[in-house]
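First up is the structure itself, then whatever we jot down about it.
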Amino acid sequence: MIRKLAYSAALLAALAAQASADDLPEVEDLTLGFIKLTDMAPLAIAYEKGYFEDEGLFVTLEAQANWKVLLDGVIDGKLQGAHMLAGLPLAATIGFGTQAHIVTPFVFDLNGNATTMSNEVWELMRPAIPSDADGKPIHPISAEALRPALDAFAAQGRPFNLGMVFPVSTHNYEQRYWLAAGGIHPGFYSPDNSSGQIGAEVLLSVTPPPQMPATLEAGTISGYTVGEPWNQQAVAMGIGVPVATDLDIFPMRAEKVLGLRADFVEENPNTVKALTRALIRAAMWLDESDNANRMEAVEIISSPSYVGADPAVLANSMTGTFEYEKGDIRPVPDFNVFFRYQANYPFASDAVWYLTQMRRWGQIPEAKPDAWYAETAQSVFLSNLYLDAAQSLVDDGLAPAEAFPFDSDGYRTAPAKAIDALPFDARSPNAYIDSLSIGLKGDQRVIGNEVQG
Amino acid sequence: MSALDPATFQDRAARRARLFTTINKLDGWFQVLGLSFVTPLLRALAGDNPAAQMRHIWRLLGVPLLAIALFLALWGALAPRVVTSLGAIPGPGAVWEQALVLHSDHVAERAKAAEFQLRQDERNAELVASGQADRVRERAYTGSPTYYSQIWTSVQTVFFGFLIATLVAVPLGILAGLSPTANAALNPLIQIFKPVSPLAWLPIVTMVVSAVYASPDGMFSKAFLTSAITVTLCSLWPTLINTALGVASIDRDLISVSRVLRLNTWTKITRLVLPSALPLIFTGLRLSLGVGWMVLIAAEMLAQNPGLGKFIWDEFQNGSSSSLARIMVAVFTIGIIGFALDRLMFALQSLFTFSNNR
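Here's what the structure looks like:
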C-alpha cells in the first residue's frame, strides 16, 4: 500500500515534469543490448528500480553473444542502443570495421578491467617481481616482468597468446599500452592484415568475455584482458592470477558507453534525453553514499538474465576490493566508478586517447592532423546531450548541480598518471603519439610486414 | 436373502466379469500412455488371481523403480568425486534444488509482471483522469523469459519445424512410392542430404533467413525461423523414406482394384494409398519428431532462439556455481519432454492405424 502511494506520488511528479507534449519520448519501446559484464549494471538498475518507466520508456534488455553481434544489432536497427566499448562508436564512425555513424551521450563507467595471466605464466613472472615486507608482490606490476615468461616460451618454440575482447576494445589498447610500457612489442595492424600481429612478440587475438576462463584453462591463451567478473572468476576457479588492473595502467578513462545510431539520435531527441536521464539516475544510485548500494546491485546483476555469475565473485570487485592471487585481497575502492569523478560525462579527451592508440597500432593507417582528432572525438562523444539531460535532472530536483561539469570544454583538467608516467595532452595528439616509444610515429605506415616512413 | 442365494451369487459374478472386461479394455489405453503397470494393479485389486498379478507388477513397476533408484544412488555417490573448475559435478539433491529454484524464479517473475500490470493500469487511469486518453497504452511485460516459457518456445519451434517437414516429406514420399521413376530421381538426393548434421545446415539457413526475411517486425523472429527450418531439414528424411516405403509396399491386389474401378489419382491416393500406408507413415513421423527434438536443442544453442538450447548455452556462459546443476535440470527436462512427445505420436499412431501388432 505504502509502495503504491509512493509510486503514485512519483508518477504524478514525473507526469507533472513532462508537462508539455513536446517533451514526450518519440519512441517508447526500446530494445537495448548488453554483454555479460559487471559494468552493464546501470542498465539493470535503471530497469529494476523503475527509472526507465519513470521516464516513459519501456525497455527490453537483451544479452548479446559477443561484441560483433551487438554492433551489428545496433547498425541493423534490431537494437535501438547498446552497452558498448568506448572504442566501438569511434571505430565505426571512422570506418574501421563496419562503417556507421554511432554516437554516445553517456559513459557507463570508468575503469573496471584487469589483465589475468595463467598459473604457468605467473610462476615464470613471480621471481622478477619485487616483494614487500610480507612477501606479497608489489603492485603495479610492469610488463617487464613478463619477459622471463616470453623467453621460456620462445625456448620451447611455443607462441605466447593473449586474449582480448575486440580489436577496438578498451582492453586491446590497455593490454598493448601495458606491454609496450614494459618494452614488449604487441604487433601492428595494416589495411591488408587486420590480425594485429605484424612484428609482434606476443600474439593478441579476440575471445568473447564469457569464454575466456574456459580458453585460459584449455591453454589456448596464456592470459587475457577483460572486464569483470571474468578476472575474479579465474581466481575463484583457480586457473589464473590478475597481474594489473586498468587503474595501474591508465586510470580514469571512459570504459563503456551507451552507443546509439546517429540518425536515431537526430530523429528521437526526447527519447535519447529520457534514456540518458534514467541512466544518470541509475549511476547515481550505484555510487550513492560511498558505494552503500553496491551489494544490492550485486544481487540484482547476479540474476542469470543479467550477468549470472555467483554473487561472491561479483561482489569482489564491485564492493571496493580486488583479489589478485587467491587470498590476496587488496582495497581498490575505485575499481568500478559509475558516477563519481564526473564519470558519465563523455570527455572528448578520452575519445582522443583512444584515437591516438588506434593510430599508434596502425588501425588508422595514415597520420592525421590534430584537428581531425578533435573533430572526430566531438562528433562521436556528444557531451551537450549529456548536459541537457543532467540539467533537466537538476531542474527536477533529482540530482545536485555540483556533480556535473557544466563548464567543461570536453577536456579533462587533470588526466591521471599512466603506468609509464608519460603525460597525455589531448590537445596535441600527434606530439603524444610521437612520444610513445613503441608504435607508429609521425607519417609512418605499415606496408606488407614492415614499417615505412 | 442369504449370501449363498444363487441370484446374488450370479449378480456378483456377472459384475466381476464386467469389471474384468472393462479393465482389459482400458489396458489398451494404459499401454499407449506408458502406464502398463496399472492393469495388473487393478486386476489384483479386483481379485483376479492376485498372486499371478504380483509377478506382472514386479516386472512392470518394481524393476523400473529399482533401476531408477540404483541409478540415482550411483550418481549421488560418483558425482562428487569429479571436480571441475566450476565445482564438483552436482548430485541428484543439488539438481532437484535447482529445479525448485527455477520454479520459484518463474513465480517471482510472474509476480513482477503482475506488479507491472498494476502500475500500467494505474498509469492509464491517471492519464484518462487528466484528460490524456490518447496516450493510454497496453504493453506486455518486458522481463526475460522464465524456464517454463523457454520450454514452451522449444515445443512450439519443434512442432513448427516438424509440421513443415511433414508437409514436404509426405507428398514427396507418396510420389516416390507410386512412381519408380520419381524414386530413382529422389533417391540420390535423399542419400546425400540425409547424413548432414544440423550444425552444418545452420550457417546456410541463418544467411538465407537473414536475406529473405528482412523485416524485423514479422510474425516470427529470425532465430525462431532458423531453428525451425534446421529442424525441418534434419527431420524430414525418416518421414520421406518411410512414406515411400509404405506406399511402395501396398498390396498389389489393391492397386488392381483401383485400375478396375478406374479411380482417379486423387481418390486413389486418399482412399487407397494413404490408409494402407498409414502405419509406416506414422512410424516415420514418430522417428522424425524424435530426431527433430534432438536437433532442436543444438539449433537453438547456435541460433539463440529463446528455448531450452539457449538456456543451456547461457548457463554454460554464466559459469556460476549452480550452472552445472541447472544444465542437468535442462537435460532431464529435455528427456522427459522427448519421452512425452514420443508417447503422443504413439497414441496418435494407435488411434489411426489398424494392425495386429501395435
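Protein sequence lines, in the order shown, are assigned to chains A and B. 1 is the number of the first residue of the first sequence in my numbering; add one for each residue after it. 1001 is the number of the first residue of the second sequence in my numbering; add one for each residue after it. From the three backbone atoms N, C-alpha and C, an ideal C-beta is built for every residue, glycine too.
Near chain B, meaning a CB-to-CB distance below 7 angstroms, the residues of the stretch 308 to 324 of chain A are Gly-308, Ala-309, Asp-310.
Neighbourhood of Ser-1320 of chain B in chain A, by CB distance below 7 angstroms: Gly-308, Ala-309, Asp-310, in chain order. Closest in C-alpha terms to Lys-49 of chain A, from the list A:Phe-153, A:Asn-172, A:Ala-283, A:Ile-94, comes A:Ala-283.
Ranked by Cα distance from Tyr-1141 of chain B, the first of B:Trp-1152, B:Val-1128, B:Gln-1117, B:Phe-1160 is B:Gln-1117. Look at Met-237 of chain A: its C-beta is under 8 angstroms from a C-beta on chain B. For Tyr-224 of chain A, the uninterrupted beta strand (DSSP E) segment begins and ends at 223 to 227. In the three-state reduction of the DSSP assignment, Phe-264 of chain A falls in the helix class.
In chain order, Val-1209, Tyr-1213 place their CB closer than 7 angstroms to the CB of Leu-1225 of chain B, counting only its own chain and leaving out the 5 sequence neighbours on each side. Against Thr-1142 of chain B, the close residues of chain A are Phe-58, Val-59, Thr-60, in the order they occur along the chain (beta-carbon pairs closer than 7 angstroms). Here Leu-1302 of chain B is not near Leu-1236 of chain B, since their CB atoms are 8 angstroms or more apart. Here Val-446 of chain A is buried, its C-beta having at least 16 other C-beta atoms within 10 Å. In the DSSP annotation of this structure, the continuous segment of the alpha helix (DSSP H) that includes Pro-1238 of chain B starts and ends at 1222 to 1248. Beyond the five residues adjoining it in sequence on each side, Asp-287 of chain A comes within less than 6 angstroms, by CB distance, of Phe-338, Phe-339, Arg-340 in the same chain, given in chain order.
Between the stretch 1312 to 1321 of chain B and the stretch 1158 to 1166 of chain B there are fewer than three inter-stretch CB-CB distances shorter than 8 angstroms, so the stretches are not counted as touching.
Beta bridge pairing from DSSP links Phe-58 of chain A with A:Asp-29. Cβ neighbours of Ala-63 of chain A within its own chain (closer than 8 angstroms, five residues either side excluded): Gly-33, Phe-34, Ile-35, Lys-36, Ser-305, Tyr-306.
In the DSSP annotation of this structure, the continuous segment of the alpha helix (DSSP H) that includes Thr-1206 of chain B starts and ends at 1198 to 1212. Of the candidates B:Gly-1338, B:Phe-1282, B:Gly-1062, B:Gly-1338 places its Cα closest to the Cα of Ile-1297 of chain B.
According to DSSP, Glu-325 of chain A shares a beta bridge with no other residue. One alpha carbon belongs to Thr-319 of chain A, the other to Val-1107 of chain B, and they sit about 30 angstroms apart. Within chain B, the residues placing a beta-carbon under 9 angstroms from that of Ser-305 of chain A are Gly-1143, Ser-1144, Pro-1145, Asp-1314, ordered along the chain. For the pair Leu-1102 of chain B and Pro-1092 of chain B, the Cα-to-Cα distance works out to about 15 angstroms. Contact note: Ala-65 of chain A reaches chain B through Gln-1304, using a C-beta cutoff of 7 angstroms and chain order. Contact between the stretch 1319 to 1327 of chain B and the stretch 1070 to 1087 of chain B is present: three or more C-beta pairs spanning the two stretches fall below 8 angstroms. Asp-109 of chain A places its beta carbon less than 8 angstroms from that of Glu-255 of chain A. The DSSP-derived three-state label of His-139 of chain A is coil. For Arg-445 of chain A, the enclosing beta strand (DSSP E) has its first and last residue at 445 to 447. Judged by beta-carbon spacing, Val-243 of chain A lies within the 8 angstroms limit of Met-117 of chain A, meaning their Cβ atoms are closer than that value. Judged by their CB atoms, Phe-1020 of chain B and Ala-1052 of chain B are not nearer to each other than the 8 angstroms cut-off. For the set A:Asp-328, A:Gly-362, A:Phe-264, A:Ala-297, the Cα lying nearest the Cα of Leu-79 of chain A is the one of A:Phe-264. Residue state for Asn-430 of chain A is assigned as helix, using DSSP reduced to three classes. Three or more Cβ pairs closer than 8 angstroms define a contact, and the stretch 394 to 414 of chain A falls short of that threshold against the stretch 126 to 144 of chain A. For Glu-228 of chain A, not one C-beta of chain B is nearer than 8 angstroms to its own C-beta. Against chain A, a Cβ distance below 8 angstroms from Arg-1139 of chain B picks out Asp-29, Phe-58. Arg-1015 of chain B sits in a helix when the DSSP states are folded into three classes. Residue pairing by DSSP places Arg-330 of chain A opposite A:Phe-322 in a beta bridge.
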